[in-house]
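S.K.: Take the sequence shown: its position 60, counted from the start at 1, is 60 in the UniProt record's numbering, and no numbers get skipped.
Quick reminder that beta carbons are idealized off the backbone N, C-alpha and C, glycines included.
Okay, here's the structure, questions in a sec.
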Amino acid sequence: MACNGKFESLDLAEFAKKQPWWRKLFGQESGPSAEKYSVATQLLIGGVTGWCTGFIFQKVGKLAATAVGGGFFLLQLANHTGYIKVDWQRVEKDMKKAKEQLKIRKSNQISTEVKSKAEEVVSFVKKNVLVTGGFFGGFLLGMAS
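Set out below in structure tokens:
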């Protein structure tokens, strides 16, 4: 309340939209979670999120591998039986062109936005070692289940 009797309102919805999820969970500046949570809680948060991520990654990965492999199998089967004719010389030429474009892009510098995000991730990992360790352990368990 201000001295003149008027109230000040804060728009927390706009503030929350601008904050990444980990800042909402761990606080401003992504400080070490050790200051707020016990070791067991940090490991549990990291482990549960890691397991969920690993489990979903495994299911989506299997589905994608099945779709790509099945697509190649059907393409080869249709080519072999004569339903379609694949111009393999054109495919090879297009692959060489794509390979050259990738080499050109690889030689260019990484954008500053990518560098800043990478630095932010490294900073988060350094400040929250237990959560990160729990996440990777949970991720491996999720991939295995």
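(1) Per DSSP, what kind of secondary structure is residue 94 in: helix, strand or coil?
(2) Tell me where the alpha helix (DSSP H) around residue 8 begins and ends.
(3) So, using beta-carbon positions, are residue 53 and residue 139 closer together than 8 Å?
(4) Does the beta-carbon of residue 74 have 16 or more other beta-carbons within 10 angstroms, so that it is buried, or is it exposed?
(5) Is DSSP giving residue 140 helix, strand or coil here?
(6) Could you pull the start and end residues of the alpha helix (DSSP H) that residue 114 belongs to?
(7) My assumption, with CB atoms under 8 Å, is that residue 42 sits in contact with residue 142. Please give the rounded CB distance.
(8) Less than 8 Å separating the beta-carbons of residue 135 and residue 70?
(9) Where does residue 84 fall in DSSP's three states?
(10) For residue 36, which three-state DSSP category applies?
(11) Please determine whether the Cβ atom of residue 48 lies at a distance below 7 Å from any heavy atom of the ligand NAD.
(12) Going by the CB atoms, is the gap between residue 39 and residue 102 shorter than 8 Å?
M.R.: The structure says:
(1) Residue 94: helix per DSSP, three-state reduction.
(2) Segment: none, residue 8 is in no alpha helix (DSSP H) and carries neither H nor E.
(3) yes
(4) exposed
(5) helix
(6) From DSSP, the alpha helix (DSSP H) with residue 114 extends over 112 to 127.
(7) About 18 Å; that fails the 8 Å criterion.
(8) No, Cβ-Cβ distance for residue 135 and residue 70 is not below 8 Å.
(9) coil
(10) coil
(11) This structure simply doesn't include the ligand NAD, nor any ligand for that matter.
(12) no
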